[in-house]
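Undergrad: Got a structure for you, written out below as C-alpha cells; questions coming shortly.
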Amino acid sequence: MKNASGAIMKTRNTLLLSATHIIAGILGFAAGIYFLPILTAPPGPSEARIAATSSQATYTGEFRRDLKDSDALHWGEGTVLISPKSIAHTGSLSPGPDY
8 MKNASGAIMK TRNTLLLSAT HIIAGILGFA AGIYFLPILT APPGPSEARI
58 AATSSQATYT GEFRRDLKDS DALHWGEGTV LISPKSIAHT GSLSPGPDY
C-alpha cells in the first residue's frame, strides 16, 4: 500500500511541476513579445529635426485616444506631420510590433 501511494504522489508532483513550468514559459514568452519592441526601439528624432519637418509639412493629421477602436494596447495621441520627403509624429503612441 505504501508503494502505490508513493507512486501516485510522484506522478502528481511531476504533473504539477510540468504544468507550472509550462505556464511560466507561456507567461515569459508573452512578456517577451510585449517588451521586445519597447527594449529595441531606436532613439527618437531630435526636436530640431521634427521642427524642420513641421515647417515643410504639406499635410497634418491628429491621433486621438478617444476614438472607437482605441484600447489599452492600441492608441495614439499627437500630431502627424507629412512633408514630401519625411513624416514626423509629435506625441505618444502605444508600443507596436517590432518588424
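The working numbering puts the first residue of the sequence shown at 8, with every later residue one more than the last. C-beta atoms are modelled at their ideal positions from N, C-alpha and C, and glycine is treated no differently.
Threshold first: 4 residues or longer. Then list the alpha helix (DSSP H) segments lying entirely within the region 26-80, N to C.
TA: Fully enclosed alpha helix (DSSP H) runs of 4 or longer: 54-62.
Undergrad: Looking at the structure shown, is Ser12 part of a helix, part of a strand, or coil, going by DSSP?
TA: Numbered from its first residue, the sequence shown carries residue 12 at position 5. In the structure shown, Ser12 sits in a helix (DSSP, three-state: H, G or I).
Undergrad: Taking the beta carbon of Thr60 as the centre, do at least 16 other beta carbons fall within 10 Å, making it buried, or is it exposed?
TA: Residue mapping note: residue 60 aligns to position 53 of the sequence shown, counting from 1. By the 10 Å Cβ count, Thr60 comes out buried.
Undergrad: Decide if Ala58 is buried, meaning its Cβ has at least 16 other Cβ atoms within 10 Å, or exposed.
TA: The count along the sequence shown starts at 1 and reaches residue 58 at position 51. Looking at its Cβ environment, which holds fewer than 16 other Cβ atoms inside 10 Å, Ala58 is exposed.
Undergrad: Between Thr65 and Trp82, what straight-line distance do the alpha-carbon atoms span, to the nearest angstrom?
TA: Within the sequence shown, residue 65 is the residue found at index 58, counting from 1. Within the sequence shown, residue 82 is the residue found at index 75, counting from 1. Cα to Cα, the separation comes out at about 24 Å.
Undergrad: I'd like the span of the beta strand (DSSP E) that includes Ser93, first residue to last.
TA: Within the sequence shown, the letter at position 86 stands for residue 93. Neither: Ser93 is in no beta strand (DSSP E) and is coded neither H nor E.
Undergrad: What does the alpha-carbon distance come out to for the pair Ser99 and Arg71?
TA: For the purposes of this step, residue 99 is taken as residue 92 along the sequence shown, with counting starting at 1. For the purposes of this step, residue 71 is taken as residue 64 along the sequence shown, with counting starting at 1. Going from the Cα of Ser99 to the Cα of Arg71 covers about 10 Å.
Undergrad: Spatial neighbours of Tyr87 within its chain, please: CB distance less than 6 Å, with the 5 preceding and 5 following residues excluded, ordered by chain position.
TA: Locating residue 87 in the sequence shown gives position 80, counting from the first residue. Before going further, note that residue 87 is Val rather than Tyr in the sequence given. Only Gly68, His96 meet the Cβ criterion.
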